[in-house]
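Student: Let me begin by handing over the structure; questions about it come next.
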Amino acid sequence: MAGKSGRTIQAVPQNSAKKMIFSWEGALVVLFIALNIFNMIISPSYNITNILREMPKYLAEIFMLFGMAYILVLGDIDISVGSIVCLSATLACVASNAGLPMVLVIAVCLLVGTACGFINGIILTRFTELPAMIVTLATQIIFRGIAEILLGSGGSVSLKDTSGFNALAMKIGPVPLVFFLVVIAAVIFTVILAKTTFGRKLYAIGSNSTAAYYAGVKVQKVRLIVFTVTGLLAGLCALFLTSALFGANTTTGQGFEMDVIAMAVFGGIATTGGKGNLVGGIISAFIIVLLRIALGQINLNPQLILVIIGALLIIAVLIPGINNAIQAKRKMKSA
Amino acid sequence: MSEYILELKGITKIFPGVKALNNVHFQLKPGEVHALMGENGAGKSTFIKVITGVHAAEEGQMFLEGKEVHFKGPRDASAAGIAAVYQHPTSYPELSVTENIFMGHEQMKNGMIQWKAMNQEAEKLLARLNADFKVTEEMGALSVAQQQMVEIAKALSTNAKIIILDEPTASLTQNESENLYRIVEALRDEGVSIIFISHRFEDMYRLASRVTVFRDSQYIGTYNVDEISNADLIKAMVGREISDMFPKPDVKIGKEMFRIEGLSRTGFFKNVSLNVHAGEIVGMTGLVGAGRTETIESVCGITKADSGKVFLDGKELHVKQPLDAIKEGIILLPEDRQRQGLIMSWGLGRNVTLPIQSETAKNGFNNEKKEREIAKQYLEEVDTKAVTIFDPATSLSGGNQQKVVVAKALAQKNMKLIIMDEPTKGVDVGAKAEIYAIMGELAKQGYGIIMISSEMPEILGMCDRIYVMCGGKITGCLDRGEASQEGILQLAMEKGGYDKKEEAAK
Numbered sequence: 204m205a206g207k208s209g210r211t212i213q214a215v216p217q218n219s220a221k222k223m224i225f226s227w228e229g230a231l232v233v234l235f236i237a238l239n240i241f242n243m244i245i246s247p248s249y250n251i252t253n254i255l256r257e258m259p260k261y262l263a264e265i266f267m268l269f270g271m272a273y274i275l276v277l278g279d280i281d282i283s284v285g286s287i288v289c290l291s292a293t294l295a296c297v298a299s300n301a302g303l304p305m306v307l308v309i310a311v312c313l314l315v316g317t318a319c320g321f322i323n324g325i326i327l328t329r330f331t332e333l334p335a336m337i338v339t340l341a342t343q344i345i346f347r348g349i350a351e352i353l354l355g356s357g358g359s360v361s362l363k364d365t366s367g368f369n370a371l372a373m374k375i376g377p378v379p380l381v382f383f384l385v386v387i388a389a390v391i392f393t394v395i396l397a398k399t400t401f402g403r404k405l406y407a408i409g410s411n412s413t414a415a416y417y418a419g420v421k422v423q424k425v426r427l428i429v430f431t432v433t434g435l436l437a438g439l440c441a442l443f444l445t446s447a448l449f450g451a452n453t454t455t456g457q458g459f460e461m462d463v464i465a466m467a468v469f470g471g472i473a474t475t476g477g478k479g480n481l482v483g484g485i486i487s488a489f490i491i492v493l494l495r496i497a498l499g500q501i502n503l504n505p506q507l508i509l510v511i512i513g514a515l516l517i518i519a520v521l522i523p524g525i526n527n528a529i530q531a532k533r534k535m536k537s538a
Numbered sequence: 007m008s009e010y011i012l013e014l015k016g017i018t019k020i021f022p023g024v025k026a027l028n029n030v031h032f033q034l035k036p037g038e039v040h041a042l043m044g045e046n047g048a049g050k051s052t053f054i055k056v057i058t059g060v061h062a063a064e065e066g067q068m069f070l071e072g073k074e075v076h077f078k079g080p081r082d083a084s085a086a087g088i089a090a091v092y093q094h095p096t097s098y099p100e101l102s103v104t105e106n107i108f109m110g111h112e113q114m115k116n117g118m119i120q121w122k123a124m125n126q127e128a129e130k131l132l133a134r135l136n137a138d139f140k141v142t143e144e145m146g147a148l149s150v151a152q153q154q155m156v157e158i159a160k161a162l163s164t165n166a167k168i169i170i171l172d173e174p175t176a177s178l179t180q181n182e183s184e185n186l187y188r189i190v191e192a193l194r195d196e197g198v199s200i201i202f203i204s205h206r207f208e209d210m211y212r213l214a215s216r217v218t219v220f221r222d223s224q225y226i227g228t229y230n231v232d233e234i235s236n237a238d239l240i241k242a243m244v245g246r247e248i249s250d251m252f253p254k255p256d257v258k259i260g261k262e263m264f265r266i267e268g269l270s271r272t273g274f275f276k277n278v279s280l281n282v283h284a285g286e287i288v289g290m291t292g293l294v295g296a297g298r299t300e301t302i303e304s305v306c307g308i309t310k311a312d313s314g315k316v317f318l319d320g321k322e323l324h325v326k327q328p329l330d331a332i333k334e335g336i337i338l339l340p341e342d343r344q345r346q347g348l349i350m351s352w353g354l355g356r357n358v359t360l361p362i363q364s365e366t367a368k369n370g371f372n373n374e375k376k377e378r379e380i381a382k383q384y385l386e387e388v389d390t391k392a393v394t395i396f397d398p399a400t401s402l403s404g405g406n407q408q409k410v411v412v413a414k415a416l417a418q419k420n421m422k423l424i425i426m427d428e429p430t431k432g433v434d435v436g437a438k439a440e441i442y443a444i445m446g447e448l449a450k451q452g453y454g455i456i457m458i459s460s461e462m463p464e465i466l467g468m469c470d471r472i473y474v475m476c477g478g479k480i481t482g483c484l485d486r487g488e489a490s491q492e493g494i495l496q497l498a499m500e501k502g503g504y505d506k507k508e509e510a511a512k
């Protein structure tokens with residue numbers, strides 16, 4: 204071809220070992236270890252047995268982290284997931300109390316979640332000019348509103364027969380079933396995001412949806428899939444939450460959307476889209492869960508726990524900026 | 007009093023790792039229009055930022071009316087009477103024209119903004135520029151050309167003695183450019199000194215009396231415009247001779263491979279029919295807003311046409327989204343490469359392989375090794391100036407970004423028809439010649455090529471046939487032999503073209 208100057212372009216990827224250690228994920232691993240030492244110091248009852256026993260009620264939330272991470276990478280947001288959990292859990296309890304077999308109860312719970320996610324997705328992909336923040340704020344109110352109507356004046360529903368849900372709360376050895384499911388889902392969602400063409404499309408859309416569309420990415424179809432799957436994951440969360448609480452009420456799932464957004468952001472996923480990965484998100488999810496367990500063990504006021512997690516989040520979003528500033532200075536010196 | 011209103015001597019500016027300016031000189035006479043030319047990355051923008059006080063130079067001296075000055079920031083430069091107008095005005099789109107003009111130096115009295123006085127003053131300034139809009143209009147509602155006039159008015163409102171225009175004509179139509187020329191000439195006659203940066207030789211010949219050339223951060227020379235030949239100037243800019251700017255190969259035109267029949271979209275274009283043969287380079291030209299890009303966007307599935315048919319290799323296509331067109335082998339190089347063509351934060355390699363990642367993938371998993379090989383192959387084939395395929399697209403100059411877009415198209419094995427929308431917009435002369443060479447090579451290989459362009463020289467230099475559009479309609483089709491600048495312009499401004507406003511009103 205004309206204009207050839209014989210110039211070659213390097214295509215060998217850099218050795219990533221050094222990069223990993225100095226990455227945000229590397230820092231999170233260090234923080235994870237430091238946190239465990241800290242927890243052991245402040246709480247005498249912080250040990251494996253107790254952690255495994257207390258973990259299930261926090262673990263269910265992490266399912267939604269996977270969907271939220273995808274949504275944030277797309278440059279979108281979904282603040283209705285907490286309400287989807289509430290509606291799914293309520294309907295699961297209603298179905299169970301109506302005498303449906305457990306298989307159908309599970310199906311109801313997951314289908315309700317999926318349907319809610321699909322509704323979010325359809326609205327956002329049909330009316331692409333609407334901001335996801337506002338649409339999911341509206342559905343957040345609607346989904347919880349429907350749940351409150353179903354819950355009636357008492358505002359809560361308890362399971363009459365807990366045997367089916369007890370089975371979900373089973374343990375394999377000392378480890379609860381939900382832990383295995385979270386780990387399996389974590390691997391699947393992490394690999395899809397990092398290694399597949401679908402994952403690459405998410406980053407393309409989040410970085411520049413116009414260019415992605417011009418390059419043949421079906422932007423709206425991808426968004427619809429991701430919002431729907433996030434609904435399904437909220438249903439899954441509702442299922443395991445119900446198996447830990449044996450009922451649902453008007454505050455079920457409240458604030459969960461902020462918890463998972465916090466986990467994702469703390470894990471290095473940018474709310475502006477196109478950046479971050481699930482490895483960081485999952486480590487940060489466990490950092491937050493373990494911190495909650497330890498602070499709960501020493502009977503710290505739950506509101507104070509929120510304050511601490513909020514402060515951590517601010518530090519997490521500040522650090523990349525500080526890091527950039529330091530590196531820019533270093534470059535200036537070396538020049 | 008010095009002979010020069012502005013003089014810079016031995017300016018060196020160092021950024022981390024690079025010398026952006028290396029011992030450059032510049033002399034501006036009072037009341038002259040002085041062109042500053044050079045390829046992308048030659049250091050023109052950095053130089054302007056030194057003059058306007060945005061950057062402080064490590065070495066060198068700057069004299070204003072014979073006195074040495076040291077600007078600590080843009081404010082100092084502004085106070086000294088230096089103002090800059092950029093290609094994309096850095097304005098406040100929600101605010102009014104008056105507010106934009108007086109931003110930062112509002113007229114105050116007892117702490118209150120004097121709206122009436124400011125509006126009157128703004129009106130006077132706009133009248134001086136023959137502007138056709140009101141001072142109360144919202145900045146965002148104006149065209150780019152009008153916004154530039156506001157920026158010029160802003161410069162005048164600070165009593166600027168030196169105005170720097172950075173690629174002002176790049177986004178303007180022919181008529182708007184003409185108007186800008188008149189404004190610049192009027193300012194010059196009033197004694198304002200003007201530094202004019204442009205890639206368009208037309209601008210320089212029309213306006214400038216002298217031209218200074220930078221290349222690779224170095225000062226090459228200052229010439230009188232009427233004493234230097236076009237070829238010598240290009241040589242000064244590029245550092246080598248470009249023997250043939252338009253290497254149009256002699257290709258045997260094959261059979262018809264692409265045809266549009268009666269394509270219409272209400273409010274944008276009407277009854278457009280055209281065809282392309284194998285090995286043929288077909289031009290589409292006309293004024294900005296004639297409906298060229300809109301027609302092509304419908305062909306490529308970005309927007310939907312209301313009626314009409316599209317055929318490729320005799321088969322009718324039903325394209326509903328970009329992916330459909332890509333699958334059929336219709337590859338678009340979009341006009342706005344930073345917004346539509348590339349993901350600027352991504353590495354070059356990822357950009358090249360984005361449309362083909364599914365083809366190289368195994369069971370949905372990316373084959374990164376193969377992708378890297380393909381990216382390297384095509385980026386080298388178009389001779390991209392980059393160190394690695396992981397360099398972000400933001401690190402490249404405009405011309406090299408365009409080469410990445412070309413590499414992205416070439417990597418698509420099933421390509422049959424390649425559509426280039428303003429392929430050399432904002433691209434410097436050296437890279438332009440290389441893009442034309444690639445285009446010629448593709449025609450030789452038998453691809454069909456459509457080039458949308460507003461630049462007359464490349465349309466006349468590269469195309470076998472030229473379709474001219476005006477007001478959403480094709481007003482003529484000229485063969486290479488019969489096409490002339492006058493003929494095209496006449497068709498491009500033909501009355502009786504399809505009136506969009508009328509249609510929209512129905």
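Going down the list, the sequences are from chains S and U. Its first residue numbered 204, the first sequence is counted upward by one per residue in the numbering used here. Its first residue numbered 7, the second sequence is counted upward by one per residue in the numbering used here. Idealized CB from N, CA, C, for every residue including glycine.
(1) So is I212(S) in contact with chain U if we call contact Cβ pairs under 7 Å?
(2) Per DSSP, what kind of secondary structure is E508(U) in: helix, strand or coil?
(3) Please determine if the region 266–275 of chain S and the region 506–518 of chain S are in contact, where contact requires at least 3 C-beta pairs separated by less than 8 Å.
(4) Please state the DSSP three-state secondary structure of M118(U).
(5) Taking only three categories from DSSP, how would you classify V378(S)?
(6) Is the Cβ of P174(U) closer than 7 Å to any Cβ of chain S?
(7) Is it buried or exposed, S283(S), if we count other Cβ atoms within 10 angstroms and call 16 or more buried?
(8) Straight-line CA distance for C289(S) to T453(S)?
(9) Out of M475(U), S223(U), A161(U) and A123(U), which one is the CA nearest neighbour of K276(U)?
(10) Find the nearest neighbour of F252(U) within the set Q363(U), L162(U) and L466(U), judged by alpha-carbon distance.
(11) Apart from the five residues just before and just after S459(U), which ones in its own chain have a Cβ nearer than 7 Å to its Cβ?
(12) According to DSSP, is V425(S) part of a helix, a strand, or is it coil?
(13) If I'm right that G450(S) touches S359(S) with Cβ under 8 Å, what's the distance once you round it to whole angstroms?
(14) Taking only beta-carbon atoms, is R403(S) less than 7 Å away from chain U?
(15) For V393(U), does the three-state DSSP call read helix, strand or coil?
(16) Closest to L439(S) by C-alpha separation, out of I529(S), M258(S), V381(S) and P505(S), would be which residue?
(17) So, are the CB atoms of T293(S) and A350(S) less than 7 Å apart?
(18) What are the start and end residues of the alpha helix (DSSP H) that includes Q33(U)?
(19) Along chain S, which residues have their Cβ under 9 Å away from the Cβ of F252(U)?
(20) Less than 7 Å separating the beta-carbons of L338(U) and I425(U)?
(21) Say whether chain S places a C-beta atom closer than 7 Å to the C-beta of G502(U).
(22) How close, in whole Å, do the beta carbons of R426(S) and L277(S) come, if the pair is a contact with beta carbons under 8 Å?
(23) So which residues on chain S does M350(U) lean against when the C-beta distance must stay under 9 Å?
(24) Against I395(U), what residues of chain S qualify as contacts under a CB-to-CB distance less than 8 Å, listed in chain order?
(25) Taking the Cβ atom as the reference point for each residue, do N406(U) and G335(U) lie within a distance shorter than 7 Å?
(26) Helix or strand or just coil, what does DSSP make of R206(U)?
(27) Is there a Cβ of chain A sitting closer than 7 Å to that of K422(U), yes or no?
(28) Find the residues of chain U that neighbour A418(S), judging by a C-beta separation of less than 7 Å, and give them in chain order.
(29) List in chain order: all unbroken alpha helix (DSSP H) runs of 4+ residues lying wholly within the region 128–214 of chain U.
(30) Looking at the C-beta of A389(S), does it have a partner C-beta in chain U at a distance below 7 Å?
(31) Between which two residues does the beta strand (DSSP E) harbouring R265(U) extend?
(32) Closest to K258(U) by CA distance: which of E447(U), E440(U) and V316(U) is it?
(33) For the region 471–498 of chain S, enumerate the residues whose C-beta is nearer than 7 Å to any C-beta of chain U, in chain order.
(34) Measuring CB atoms only, is the region 249–265 of chain S touching the region 310–328 of chain S, in the sense that at least three cross pairs come out at less than 8 Å?
(35) Does the beta carbon of A397(S) come closer than 7 Å to any beta carbon on chain U?
(36) Using a Cβ-Cβ cut-off of 7 Å (strictly less than) and excluding sequence neighbours within five positions of Y504(U), which residues of its own chain qualify?
Tutor: For this structure:
(1) Reading the first sequence from its first residue, position 9 is the one you call residue 212(S). I212(S) counts as touching chain U.
(2) Residue mapping note: residue 508(U) aligns to position 502 of the second sequence, counting from 1. Because E508(U) sits at a pLDDT of 43, beneath the cut-off of 50, its placement in the model cannot be relied upon, and the following sentence gives the value as read from the coordinates. In this structure, E508(U) counts as helix in the three-state DSSP scheme.
(3) no
(4) Stepping through the second sequence from its first residue, residue 118(U) is reached at position 112. Strand.
(5) In the first sequence, residue 378(S) corresponds to position 175, counting from 1. DSSP places V378(S) in strand when its eight states are reduced to three.
(6) Within the second sequence, numbered from 1, the residue matching residue 174(U) stands at position 168. Chain S contact via Cβ: absent.
(7) Taking the first sequence and counting its residues from 1, one reaches residue 283(S) at position 80. Burial call: buried.
(8) Position 86 of the first sequence holds residue 289(S). Position 250 of the first sequence holds residue 453(S). Approximately 7 Å, taken between the alpha carbons.
(9) Taking the first residue of the second sequence as 1, we reach residue 276(U) at position 270. For K276(U), the nearest C-alpha among the options comes from M475(U).
(10) Residue 252(U) sits at position 246 when you count from the first residue of the second sequence. Comparing Cα-Cα distances from F252(U) to each of Q363(U), L162(U) and L466(U), the minimum goes to L466(U).
(11) Counted from its first residue, the second sequence places residue 459(U) at position 453. Hits under 7 Å: G289, T291, E428 and I465.
(12) Numbered from its first residue, the first sequence carries residue 425(S) at position 222. Three-state result, V425(S): helix.
(13) Residue numbering aside, residue 450(S) sits at position 247 when the first sequence is read from its first letter. Residue numbering aside, residue 359(S) sits at position 156 when the first sequence is read from its first letter. The Cβ separation is near 6 Å, so the contact holds.
(14) By 1-based counting over the first sequence, the position of residue 403(S) is 200. Output row for R403(S): interface = yes.
(15) Here the question's residue 393(U) lines up with position 387 in the second sequence. The answer is coil: DSSP assigns V393(U) none of H, G, I, E or B.
(16) Here residue 439(S) is taken as the residue at index 236 of the first sequence, counted from 1. Selected option, being the one with the closest Cα: V381(S).
(17) Here residue 293(S) corresponds to residue number 90 of the first sequence, with the count starting at 1. Here residue 350(S) corresponds to residue number 147 of the first sequence, with the count starting at 1. Yes; because the gap between Cβ atoms is below 7 Å, this pair is in contact.
(18) Counting from one through the second sequence, the residue named residue 33(U) turns up at place 27. Per DSSP, Q33(U) belongs to no alpha helix (DSSP H); it is in the beta strand (DSSP E), V24 to L34.
(19) In the second sequence, counting from the first residue as 1, residue 252(U) sits at position 246. Correct list: empty, because the minimum Cβ distance to chain S is about 12 Å.
(20) Reading the second sequence from its first residue, position 332 is the one you call residue 338(U). Reading the second sequence from its first residue, position 419 is the one you call residue 425(U). Yes; because the gap between Cβ atoms is below 7 Å, this pair is in contact.
(21) For this step, residue 502(U) is matched to residue 496 along the second sequence. Any reading at G502(U) needs caution, since the residue's pLDDT is 46, under 50, leaving its predicted position unreliable; the model's value is listed next. No - not a single Cβ of chain S is within 7 Å of the one on G502(U).
(22) Position 223 of the first sequence, counting from 1, holds the residue named residue 426(S). Position 74 of the first sequence, counting from 1, holds the residue named residue 277(S). The Cβ separation is near 6 Å, so the contact holds.
(23) What you label residue 350(U) is simply residue 344 of the second sequence in a count that begins at 1. S410, N411 and A414, listed in chain order.
(24) Position 389 of the second sequence, counted from the first residue, corresponds to residue 395(U). Those within 8 Å of I395(U) in chain S are I212, Q213 and A214.
(25) As a first step, residue 406(U) is located in the second sequence; it is residue number 400 there, counting from the start. As a first step, residue 335(U) is located in the second sequence; it is residue number 329 there, counting from the start. It is not a contact, given that the beta carbons lie outside the stated cut-off.
(26) Counting from 1 along the second sequence, the entry for residue 206(U) is found at position 200. Coil.
(27) Absence of chain A from the displayed structure is noted, the protein chains being S and U.
(28) By one-based count along the first sequence, residue 418(S) stands at place 215. Going along chain U in sequence order, the residues near A418(S) (Cβ under 7 Å) are L360 and P361.
(29) 150–163, 180–195 and 207–213
(30) For the purposes of this step, residue 389(S) is identified with residue 186 of the first sequence, where counting begins at 1. Judged by the 7 Å Cβ criterion, A389(S) is not in contact with chain U.
(31) Taking the first residue of the second sequence as position 1, residue 265(U) is located at position 259. From DSSP, the beta strand (DSSP E) with R265(U) extends over E262 to R271.
(32) Residue mapping note: residue 258(U) aligns to position 252 of the second sequence, counting from 1. Of the listed residues, the one whose Cα sits closest to K258(U) is E447(U).
(33) G477
(34) no
(35) For the purposes of this step, residue 397(S) is taken as the residue at position 194 of the first sequence. No, A397(S) does not count as interfacial toward chain U.
(36) On the second sequence, residue 504(U) is found 498 positions in, with the first residue counted as 1. The pLDDT assigned to Y504(U) is 42, lower than 50, so where the model puts this residue is not dependable; a value taken from the coordinates is nonetheless given after this. Cβ neighbours of Y504(U) beyond the five flanking positions: K276, G477, G478 and K479.
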